[in-house]
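First comes the structure, then the notes that go with it.
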Amino acid sequence: MIRWVLRVVVGLIVLVIGAVVLLFVLPADRIAKVVTDQFEAATGRAMTLQGDVRPTLWPELGVNTGPVTIANADWSPSGPMLTAQSLSIGVDIGALIGGTIHVKRIEAEAPKIILEVARDGRANWDLGGGSADDASPNDSGVNDSGANESTGLPQISLDRATMTGASVTFVDYASGGRTELNQIEASLSLPSVQGTANLALSAVMQGQPFSVDATINGFADFLSKGVVPVSADAKIGGSAIAFKGRGGLVPFALGGALDADLADMAAVFRLVGQAAPDLPLGFGQKVAVTGNITVTDTGGVTLRDGVIRLDQNVLTGAVDLNTSGDRPSITAKLSAGALDFSNAIGGEASAAPGDTTGASGWSRDRIDVSALGTVDADIALAAASIDIGLAQFGRTSIISKLDAGRAVTEIKELVAYGGQIGGSFVINSRGGLSARATLAGDGVALEPLLNQLAGYDRLLANGTVTINVLGVGNDMFTLMNSLNGDGTLKLGKGELKGLDLVGMLRNLDPSFIGAGASTIFNSITGTFKVVDGVMSNVDLQLLSPLLNATGSGEIGIGGQTLDYRVVAKLLEGQTNGGISVPVIISGSWTKPKFRLDLEAIAKQQFGDEIEEVKTRAESEVVKKINEELGTNVESLDNIEDTLKKELEQRATKGLLDLLGGN
Numbered sequence: 006m007i008r009w010v011l012r013v014v015v016g017l018i019v020l021v022i023g024a025v026v027l028l029f030v031l032p033a034d035r036i037a038k039v040v041t042d043q044f045e046a047a048t049g050r051a052m053t054l055q056g057d058v059r060p061t062l063w064p065e066l067g068v069n070t071g072p073v074t075i076a077n078a079d080w081s082p083s084g085p086m087l088t089a090q091s092l093s094i095g096v097d098i099g100a101l102i103g104g105t106i107h108v109k110r111i112e113a114e115a116p117k118i119i120l121e122v123a124r125d126g127r128a129n130w131d132l133g134g135g136s137a138d139d140a141s142p143n144d145s146g147v148n149d150s151g152a153n154e155s156t157g158l159p160q161i162s163l164d165r166a167t168m169t170g171a172s173v174t175f176v177d178y179a180s181g182g183r184t185e186l187n188q189i190e191a192s193l194s195l196p197s198v199q200g201t202a203n204l205a206l207s208a209v210m211q212g213q214p215f216s217v218d219a220t221i222n223g224f225a226d227f228l229s230k231g232v233v234p235v236s237a238d239a240k241i242g243g244s245a246i247a248f249k250g251r252g253g254l255v256p257f258a259l260g261g262a263l264d265a266d267l268a269d270m271a272a273v274f275r276l277v278g279q280a281a282p283d284l285p286l287g288f289g290q291k292v293a294v295t296g297n298i299t300v301t302d303t304g305g306v307t308l309r310d311g312v313i314r315l316d317q318n319v320l321t322g323a324v325d326l327n328t329s330g331d332r333p334s335i336t337a338k339l340s341a342g343a344l345d346f347s348n349a350i351g352g353e354a355s356a357a358p359g360d361t362t363g364a365s366g367w368s369r370d371r372i373d374v375s376a377l378g379t380v381d382a383d384i385a386l387a388a389a390s391i392d393i394g395l396a397q398f399g400r401t402s403i404i405s406k407l408d409a410g411r412a413v414t415e416i417k418e419l420v421a422y423g424g425q426i427g428g429s430f431v432i433n434s435r436g437g438l439s440a441r442a443t444l445a446g447d448g449v450a451l452e453p454l455l456n457q458l459a460g461y462d463r464l465l466a467n468g469t470v471t472i473n474v475l476g477v478g479n480d481m482f483t484l485m486n487s488l489n490g491d492g493t494l495k496l497g498k499g500e501l502k503g504l505d506l507v508g509m510l511r512n513l514d515p516s517f518i519g520a521g522a523s524t525i526f527n528s529i530t531g532t533f534k535v536v537d538g539v540m541s542n543v544d545l546q547l548l549s550p551l552l553n554a555t556g557s558g559e560i561g562i563g564g565q566t567l568d569y570r571v572v573a574k575l576l577e578g579q580t581n582g583g584i585s586v587p588v589i590i591s592g593s594w595t596k597p598k599f600r601l602d603l604e605a606i607a608k609q610q611f612g613d614e615i616e617e618v619k620t621r622a623e624s625e626v627v628k629k630i631n632e633e634l635g636t637n638v639e640s641l642d643n644i645e646d647t648l649k650k651e652l653e654q655r656a657t658k659g660l661l662d663l664l665g666g667n
């Protein structure tokens with residue numbers, strides 16, 4: 006495309022020279038016809054001039070025109086390739102006499118340019134005609150006409166070329182893509198085609214203003230002969246990008262130092278015609294990147310020695326980006342210090358509307374995971390610590406793979422809550438949100454873990470825990486109420502706060518609860534299943550120096566409720582030793598209720614006396630019935646049949662007596 010621009014410049018220089026020469030031999034109304042014929046011979050495209058062509062001799066040799074039109078390729082359906090309200094060109098007559106072209110100025114007013122790529126790959130800026138493509142590839146240097154044969158460009162110097170009120174439309178008929186740049190204000194200086202080109206450009210694309218200032222040192226070689234020193238500074242809204250390195254067009258390549266401060270991500274995404282993803286704080290509401298970057302013509306981008314800032318999080322390492330697929334694909338190996346993703350997933354329990362029981366509820370705020378579908382990724386991360394809000398982890402090494410909205414994270418190392426955790430997480434955003442956790446923790450401290458995950462801080466112990474659960478839902482409330490899976494629990498020595506089982510059993514008093522109450526134990530073991538957000542257990546065993554206990558019941562993870570029965574037994578030698586005392590735990594996690602199962606205690610402690618009293622009472626009742634009815638009933642077990650037969654016999658006898666029978 007840049008070749009096309011320079012070839013048009015050459016054509017315009019021909020126009021200047023022809024117009025000035027013809028000024029002295031032809032009338033003005035014929036000058037336009039002659040110079041447009043010369044332009045077509047130089048470029049292969051027809052030019053139409055409206056109004057007079059007005060040559061100038063002072064202060065520089067030049068020409069001014071009225072409206073200008075340059076024809077498009079014959080296959081294009083879009084009309085002229087270029088239109089402008091006017092052109093003004095000035096050249097250095099002294100340099101021209103000396104055999105070189107020194108353009109003092111080119112000014113284009115409101116040019117409109119259409120660039121197109123056909124379905125078969127043809128580009129409308131591939132111009133025919135002229136000698137630019139006729140240079141022999143076996144030659145080198147500068148030919149007799151002053152053209153540089155390595156690029157096919159004449160020895161041109163350009164003090165200043167400007168465009169005001171310009172627009173450029175790019176259409177790719179193969180992909181259906183269309184890009185428009187409007188309100189273009191641009192200036193270009195090129196002291197030598199082999200020297201340094203300076204470009205300043207401001208424009209609006211997709212409704213977003215931006216500006217670029219670029220310097221290319223070795224312009225001719227930049228076009229077709231490898232890479233040359235290049236620097237550029239761009240501004241997009243509140244974002245700034247700086248690059249200094251080397252680059253070239255054939256093939257396209259770029260490599261060097263990048264310093265990008267993308268503080269205005271919304272502006273960056275508007276520029277490429279996309280809505281900025283609603284990322285949680287810590288995932289890149291603001292992004293800054295520094296490092297050595299390489300860009301290839303296949304859509305590949307690499308970052309080495311990179312420093313990436315995602316809001317308050319800082320990561321270092323290497324990143325590879327491929328933009329040639331349906332979605333951008335990222336491969337990265339990163340390390341970090343402390344990472345804070347605490348705003349990524351809501352999990353704080355809040356009072357449920359209309360709650361009068363003191364129970365709390367999970368957040369019903371929607372969890373937005375749409376960003377997972379915008380990119381594919383394969384990322385290895387090592388961090389000193391990670392805070393995800395619901396949980397906090399120490400030294401961490403993970404590998405996370407994201408494919409079409411499904412993220413699988415494998416834990417290589419995870420130090421958390423005083424122990425080690427291994428396993429995997431799966432977060433799937435395809436058609437909604439689902440999450441699976443398959444984890445095994447060894448030496449994990451339960452109190453901080455359960456406090457952060459569920460707001461439950463009454464169990465102090467370290468142990469081994471396995472969890473395999475799946476939840477589906479777009480908010481924490483739905484997720485927790487949909488959990489299904491299973492797990493195991495094996496704890497060592499610890500303390501159960503808020504409940505003094507020993508005090509309850511010694512005194513047969515359920516008031517041994519609340520602040521200051523606790524139960525010391527040597528171990529707790531058990532397994533559990535989770536169905537629709539309810540965890541059930543039937544084999545809990547608690548061993549302590551003063552008592553043993555078993556437990557069974559349900560814990561509502563979704564509803565944060567308790568319905569559990571612990572049967573504790575004081576060891577021999579204690580007050581009330583040998584008695585098993587059931588304790589029923591109910592209510593909510595935040596306000597649990599404890600009560601003794603008095604009926605069960607009574608049956609256990611006074612069972613023999615109750616049976617004896619029951620037997621004596623039954624004997625007295627049987628004796629009284631026999632006396633009143635003259636029956637011979639032995640027990641209450643068959644009393645109903647005996648009484649029925651007796652009543653039937655008496656009724657029959659009474660009826661016969663009434664009828665005068667025998």
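Residue numbers for the sequence shown follow the working numbering, so the first one is 6 and each next one is one higher.
Beta carbons are placed, not taken as given, at the ideal position from N, Cα and C, and that holds for glycine.
- Scanning its chain for C-beta atoms nearer than 6 Å, with the 5 sequence neighbours on each side dropped, one finds around V474 the residues A442, L488, G490, V535, in chain order.
- For the pair D316 and T328, the Cα-to-Cα distance works out to about 24 Å.
- Sequence-distant partners of A166 (beyond 5 residues in either direction) whose C-beta falls short of 6 Å from its own C-beta, in its chain, are I111, L193.
- Listed in chain order, the non-local C-beta contacts of S340 below 8 Å within the same chain comprise L320, T321, G322, L386, A387, A388, local neighbours out to five positions each way being set aside.
- Taking the CA atoms as reference points, I119 sits about 5 Å from M86.
- If you draw a straight line from the Cα of V306 to the Cα of A171, it comes to about 31 Å.
- Each of V572, G242, G182, A247 was checked against the Cα of V586, and the nearest Cα belongs to V572.
- A direct Cα-to-Cα measurement between V108 and G289 gives close to 47 Å.
- For T483, the secondary structure class from DSSP, reduced to helix, strand or coil, is helix.
- Sixteen is the threshold: when 16 or more other Cβ atoms of the shown chains lie within 10 Å of the Cβ of T74, as they do, the residue is buried.
- The beta carbon of E559 lies closer than 6 Å to those of V539, S541, D568 in the same chain, with the five residues before and after it left out.
- Shown here, A382 sits in a strand according to DSSP, grouped into three states.
- Per DSSP, A46 has no beta bridge partner at all.
- In this structure, the beta-carbon distance from G423 to G394 does not fall below 8 Å.
- For D408, the enclosing beta strand (DSSP E) has its first and last residue at 401-408.
- According to the DSSP assignment, R275 belongs to no beta strand (DSSP E) but to the alpha helix (DSSP H) extending over 270-276.
- By the CB criterion at 8 Å, G492 and L484 fall outside the cutoff.
- For F526, the enclosing beta strand (DSSP E) has its first and last residue at 518-526.
- Only exposed fits P550, as fewer than 16 other CB atoms lie within 10 angstroms of its CB.
- Sorting G468, G231, D125 by C-alpha distance to the C-alpha of W80 places D125 at the top.
- By the CB criterion at 8 Å, I189 and V173 fall inside the cutoff.
- Beta-carbon to beta-carbon, L308 and I298 are separated by about 5 Å, close enough to satisfy the 8 Å threshold.
- For V374, the three-state secondary structure derived from DSSP is coil.
- Apart from sequence neighbours up to five positions away, the residues of its chain that approach I241 with a beta-carbon distance below 6 Å are F215, A272, V273, L276, ordered along the chain.
- The three-state reading of DSSP puts L451 in helix, counting H, G and I together.
- Each residue's CA atom was taken as its position, placing D131 and T41 some 19 Å apart.
- Collapsing the DSSP output to three states places L259 in a strand.
- By the CB criterion at 8 Å, A343 and S390 fall inside the cutoff.
- When DSSP assignments are scanned along the stretch 157-239, the uninterrupted stretches of beta strand (DSSP E) that are 3 or more residues long and fall wholly within it turn out to be 161-177, 182-195, 201-210, 213-222.
- A residue is called buried when at least 16 other Cβ atoms come within 10 angstroms of its Cβ; T379 does not meet this threshold and is exposed.
- Shown here, L284 sits in coil according to DSSP, grouped into three states, outside any helix or strand.
- Shortest Cα-Cα distance from E415 to any of Q425, F430, A409, L407 involves F430.
- At the C-beta level, P597 and I589 stay beyond 8 Å of one another.
- By the neighbour-count criterion, in which a residue is buried when 16 or more other Cβ atoms sit within 10 angstroms of its Cβ, D283 is exposed.
- For K495 against T469, the beta-carbon gap comes to about 5 Å, under 8 Å, which counts as contact.
- Apart from sequence neighbours up to five positions away, the residues of its chain that approach F517 with a beta-carbon distance below 7 Å are D505, G508, M509, ordered along the chain.
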